[in-house]
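Residue numbers (the working numbering): 7 to 144.
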């Protein structure tokens with residue numbers, strides 16, 4: 007998107023990776039803002055959208071791409087891993103959508119297309135739990 011002229015905000019927990027990504031975008035002539043945040047925290051998800059609006063004045067498109075898949079048998083599993091997976095794959099994306107929706111609707115009302123995309127990309131556990139027969143027998 008940045009290569010096509012969009013001003014983008016990249017959000018993630020690890021500042022070092024964000025800085026590297028922003029450097030790559032800017033080295034090719036793009037514009038990017040790095041926001042270090044954990045979107046599984048509702049306040050941080052809202053703050054990342056607010057920072058984008060403060061910096062760019064509006065939000066026209068949101069692509070929230072966050073997900074993790076924990077593999078392994080159910081028996082003996084660390085259920086804190088399950089919680090983290092659900093928080094990221096489902097709640098993190100919902101918090102981001104919740105924070106962005108008012109700004110997207112405002113941009114749609116002001117824009118020529120009257121349309122502002124909201125794209126949510128998760129890992130498969132965000133939609134369905136897969137259980138292999140061998141895991142059921144453990």
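Glycine is no exception: its CB is placed at the ideal position from the N, C-alpha and C atoms.
Skipping 5 residues on each side, what residues in its chain have a beta carbon closer than 8 Å to that of residue i?
i	result
residue 117	66
residue 144	Unreliable positioning characterises residue 144 in this predicted model, as indicated by a pLDDT of 41, which lies under 50. The coordinate reading is nonetheless provided below. Within the same chain, residue 144 has close Cβ partners 79, 80, 81, 82.
Verify whether the separation of the beta carbon atoms of residue i and residue j is less than 8 Å.
i	j	result
residue 12	residue 28	no
residue 72	residue 98	yes
residue 51	residue 45	yes
Measuring alpha carbon to alpha carbon, tell me which residue in the options is nearest residue i.
i	options	result
residue 127	107, 102, 119	102
residue 100	64, 62, 32, 70	70
residue 8	33, 21, 80, 79	33
At the level of alpha carbons, what is the spacing between residue i and residue j?
i	j	result
residue 121	residue 107	12 Å
residue 36	residue 89	36 Å
residue 48	residue 18	14 Å
residue 43	residue 24	10 Å
residue 16	residue 129	19 Å
residue 74	residue 20	15 Å
residue 119	residue 104	22 Å
residue 10	residue 22	25 Å
Give me, in chain order, the residues of the same chain whose beta-carbon lies closer than 6 Å to that of residue i; leave out the 5 immediate sequence neighbours on both sides.
i	result
residue 31	8, 38
residue 68	106, 124
residue 14	7, 8, 38
residue 61	39
residue 64	113
residue 77	none
Exercise. Does the region 56 to 63 come within contact of the region 91 to 100, defined as at least 3 CB pairs closer than 8 Å?
Worked result: A contact is defined here as three or more CB-CB pairs under 8 Å, and the region 56 to 63 fails this definition with respect to the region 91 to 100.
Exercise. For the region 100 to 115 against the region 73 to 86, are there 3 or more C-beta pairs whose distance is under 8 Å?
Worked result: No contact exists between the region 100 to 115 and the region 73 to 86.
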